[in-house]
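Since the structure comes first, as structure tokens, the remarks are kept for the end.
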Amino acid sequence: MSFQDLNIPASSSTVTVKIFDIVDDPKKVIAAAANFLSPVPAGYENTTCPVYAFLVEHVPSGKKVLFDLGPRKDLGENGAPFMREAVRSGANILPVSKDIVEQLADDGVDLASISSVIWRSITGDMSKFPPSTTLMFSKNMKTETYETNPWSSLLPSDLAYLIPIDFDTPGSSLTVGGFKAFDLFADGSFYILDHQTGHVCGLARVTPTSFILMGADACHHAGVLRPTSALHRNVPCPGELLAATRLSISATHVHKPGPEFQPQFDLPSRTTPLLSIAEKGYFEDPTAANESIRKLGEFDANGDVLVILAHDESIGPFVRPYPAVLDTWKENGWKREAIWAFLDQRNPAFRFK
């Protein structure tokens with residue numbers, strides 16, 4: 001398969017993508033796995049995870065945009081009321097000593113050079129950006145602040161300099177991989193994809209024929225995406241890891257759909273993802289979320305695309321130290337190893353014993 005199978009238009013224009021992890025240590029994150037995943041075996045009740053932000057630089061013009069900001073570091077003091085309470089009670093902990101603004105400064109990036117911030121859902125602290133930085137988000141995103149919705153994580157200060165992204169502009173019918181798409185720089189180098197109502201992904205062309213898909217919060221673990229029959233066919237699991245999964249993965253917790261129980265896990269026969277989204281919790285519309293995941297799986301199985309979810313702990317060992325430039329992922333051969341790494345007992349994303 002090539003990128004053209006996903007209906008991605010050809011282009012020679014590219015962007016450079018750099019990944020930042022905003023939390024200090026994914027292992028210290030506290031979030032209930034049952035809000036995001038199913039099943040949740042004993043011992044895996046917590047979700048440890050990174051929170052990624054991406055700096056995207058348009059090569060032809062030099063314009064820079066941020067896809068996501070990650071959390072603000074003062075959620076317990078200055079976040080919206082329900083977020084403050086969640087942090088203070090210990091129900092949610094996102095340890096941040098340097099937010100994206102400070103990490104950008106450490107990396108030599110002037111905030112004035114950031115033309116836009118693209119929100120997927122986690123808002124960060126927009127008040128730290130200059131007025132020249134616009135905020136882009138899906139026009140269908142809920143923008144009630146805590147003043148009108150006590151469960152909102154938004155502050156009034158978050159909503160300055162807004163530019164809603166309209167995927168339904170008259171005369172526009174651009175779709176990429178089944179998602180409505182917005183061509184940000186109008187040259188095919190970076191697409192914003194409408195993956196669920198009010199939520200967006202980012203598709204970056206880092207060479208004319210290779211892409212990074214910032215999967216945002218379409219799902220929260222690689223096991224919700226993988227495996228699929230197309231992934232087995234196009235990017236098969238490395239032999240040594242394949243053999244190890246027979247004993248490392250519990251056939252009790254992760255059973256093959258169907259009436260027959262198998263005493264050992266058999267990855268090649270598994271053509272549906274090992275995990276599902278939680279039916280009650282983070283996802284407002286599980287049916288739409290599952291359809292979004294299905295479409296994302298087509299990108300995931302394509303050899304020209306590397307999918308990185310916003311909280312994908314499995315990719316960390318391949319891209320650290322942060323920040324890291326992702327443009328050479330294909331020539332470095334990351335995909336074949338990284339895409340199956342969540343099944344390796346040594347990988348921090350493993351949760352199948």
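Going by UniProt numbering, the sequence shown opens with residue 1, and the numbers climb by one from there.
All C-beta atoms in this analysis are idealised placements derived from N, C-alpha and C, irrespective of residue type, glycine included.
Here the structure is a predicted model, which is why all the values come from computation and not from measurement.
Taking the alpha-carbon positions, what's the residue i to residue j distance?
i	j	result
E337	A301	13 Å
residue 369	F350	Residue 369 lies beyond the range of the chain shown here (1 to 353); nothing can be said about it.
A105	C237	39 Å
N107	P323	According to the sequence provided, residue 107 is Asp. The question's Asn does not apply to it. So the two alpha carbons sit approximately 8 Å from each other.
L154	V307	28 Å
D125	L247	45 Å
P26	P50	5 Å
A53	L267	32 Å
A341	L37	18 Å
D344	T245	8 Å
Per DSSP, which residues does residue i bridge with? Please list them.
i	result
S276	S38
F318	The partner list for F318 (beta bridge, DSSP) is empty, contrary to what the question assumes.
G202	I192 and M214
L66	L55 and V117
Let's test the definition: count the other Cβ atoms within 10 Å of the Cβ of residue i and tell me whether it reaches 16, buried, or not, exposed.
i	result
D21	buried
P170	Its pLDDT being 49, under 50, P170 is placed unreliably by the model, and nothing is read from it.
R72	buried
T47	buried
A31	buried
I8	buried
P227	buried
E313	buried
R294	exposed
W151	exposed
G43	exposed
E57	buried
R205	buried
Pop quiz: residue i and residue j are said to be a contact at Cβ under 8 Å. What is the actual Cβ separation, rounded to whole angstroms?
i	j	result
S2	G188	15 Å between Cβ atoms; not a contact.
A251	L309	The Cβ separation is near 26 Å, so there is no contact.
L94	V23	6 Å
Q325	K18	Before going further, note that residue 325 is Val rather than Gln in the sequence given. Their Cβ separation, rounded to whole angstroms, is 5 Å, which keeps V325 and K18 in contact under 8 Å.
T133	V117	6 Å
P194	S138	The residue you asked about is not Pro; residue 194 is Asp in the sequence shown. Indeed they touch by this definition, with Cβ atoms about 6 Å apart.
G223	P156	G223 to P156, Cβ: 38 Å. No contact.
G297	L242	At roughly 19 Å, the Cβ-Cβ gap does not stay under 8 Å, so G297 and L242 are not in contact.
What residue range is occupied by the uninterrupted beta strand (DSSP E) comprising residue i?
i	result
E331	That residue, E331, is in no beta strand (DSSP E); it is neither H nor E in DSSP.
G297	Premise fails: G297 lies in the alpha helix (DSSP H), P286 to D300, not in any beta strand (DSSP E).
E57	Y52 to H58
V15	V15 to D21
A181	F179 to D183
Could you give the first and the last residue of the continuous alpha helix (DSSP H) run that contains residue i?
i	result
A310	Neither: A310 is in no alpha helix (DSSP H) and is coded neither H nor E.
G76	L75 to N78
F82	P81 to S89
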